[in-house]
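If you're matching positions, the sequence shown starts at 21 in my numbering and goes up one per residue. Ideal placement from N, C-alpha and C gives every residue a C-beta, glycine not left out. Presented below is the structure to which this report refers.
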Amino acid sequence: MQLIFALQQSVASDPVITPADLGLSPGLVVTGALISALIIGLILGIILKFVGQAVLGGTVKFSSAFTAMFIYGLITTAIGFAALYGGMVRLSDMSAAREGGMNAMMPYGLAAFVVSQAVGILLIAWTVRVFVRDPQDRRPSWGSAIMIAVIMAVIGLVLSLLLSRVNPGMQG
Numbered sequence: 021m022q023l024i025f026a027l028q029q030s031v032a033s034d035p036v037i038t039p040a041d042l043g044l045s046p047g048l049v050v051t052g053a054l055i056s057a058l059i060i061g062l063i064l065g066i067i068l069k070f071v072g073q074a075v076l077g078g079t080v081k082f083s084s085a086f087t088a089m090f091i092y093g094l095i096t097t098a099i100g101f102a103a104l105y106g107g108m109v110r111l112s113d114m115s116a117a118r119e120g121g122m123n124a125m126m127p128y129g130l131a132a133f134v135v136s137q138a139v140g141i142l143l144i145a146w147t148v149r150v151f152v153r154d155p156q157d158r159r160p161s162w163g164s165a166i167m168i169a170v171i172m173a174v175i176g177l178v179l180s181l182l183l184s185r186v187n188p189g190m191q192g
């Protein structure tokens, strides 16, 4: 994997953003990952509860929906920090994301967007299948879990697009 990062850095013309540039210490990264996963779990857990109830036709425990989205948040946050520490985040990517709209959703291009969405759907489907329960402690089938994951991905894309359009000109 390091070879891929080295090759990418050797052909890219713009600078890599490092954790030192952002003032991130390992302790801050772990704390940030936990807080991010907690917020993701709370917000997306509520959405998952309602989506799960609509798809499954019954009640879904909020605690199981929260757990599923908390685990999802931990994994995606860890992947994001791994990309940052691996030298995959570049200044041009951040600038493209700040422009808002589709640039914010696809700063790495269409192919990377499609692959990341597919992986995200599979990850959500797995967390739904493993952690989501109804009051009788029954798990959803894989088909239902994938349907819920697709709906959650669409909701996430819509929210991401709406948030990127709120005030794209406001730069930190």
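Bridge-paired residues (DSSP) for Arg110:
DSSP lists Val36 as partners of Arg110.
For Gln156 and Leu181, the rounded distance between their alpha carbons:
Cα to Cα, Leu181 sits roughly 37 Å from Gln156.
Taking only heavy atoms of the ligand COA into account, decide whether any of them is closer than 7 Å to the Cβ of Ser45.
In the structure shown, the ligand COA is absent, as is every other ligand, since no ligand is present at all.
Pick helix, strand or coil for Arg158, following the three-state DSSP scheme.
Arg158 falls in the coil class under three-state DSSP.
Return the chain-ordered list of same chain residues with a C-beta closer than 6 Å to the C-beta of Lys81, the five sequence neighbours on each side being excluded.
Closer than 6 Å at Cβ, skipping near neighbours: Arg153.
Ordered list of alpha helix (DSSP H) runs contained in the stretch 128-157, each at least 4 residues
If we require 4 residues or more, the alpha helix (DSSP H) runs fully inside the stretch 128-157 come out as 130-151.
What is the DSSP secondary structure of Gly176, reduced to helix, strand or coil?
Helix.
If I measure Cβ to Cβ from Val170 and keep anything under 7 Å in the same chain, skipping five residues before and after, which residues do I get?
For Val170, where only same-chain residues beyond five positions count, the Cβ hits under 7 Å are Ile141.
Simplified DSSP state of Leu44, which is helix, strand or coil
In the three-state reduction of the DSSP assignment, Leu44 falls in the coil class, being assigned neither a helical nor a strand state.
How would you call Gly77, buried or exposed, if buried means at least 16 neighbouring beta carbons within 10 angstroms?
Under the 10 Å beta carbon count, Gly77 is surrounded by fewer than 16 other beta carbons and is classified as exposed.
Please list the segments of the alpha helix (DSSP H) lying wholly inside the stretch 55-113, counting only runs of 4 or more residues, in order along the chain.
Entirely contained in the stretch 55-113, the alpha helix (DSSP H) runs reaching 4 residues are, in chain order, 82-105.
Ordered along the chain, which non-local residues of its own chain (more than five positions away) have a Cβ less than 6 Å from that of Met167?
The beta carbon of Met167 is closer than 6 Å to those of Val75 in its chain, skipping five residues each way along the sequence.
Output the distance between the C-alpha atoms of Trp146 and Ile60, rounded to the nearest integer angstrom.
Taking the straight line from one Cα to the other gives about 17 Å.
Length of the line joining the Cα atoms of Gln137 and Ser45
Distance between the alpha carbons of Gln137 and Ser45: 29 Å.
Confirm, please, whether the CB-CB distance from Thr79 to Phe151 is below 8 Å.
It is not a contact, given that the beta carbons lie outside the stated cut-off.
Using the Cα positions of Ile175 and Val50, report the straight-line distance between them to the nearest angstrom.
If you take the alpha carbons of Ile175 and Val50, they lie about 27 Å apart.
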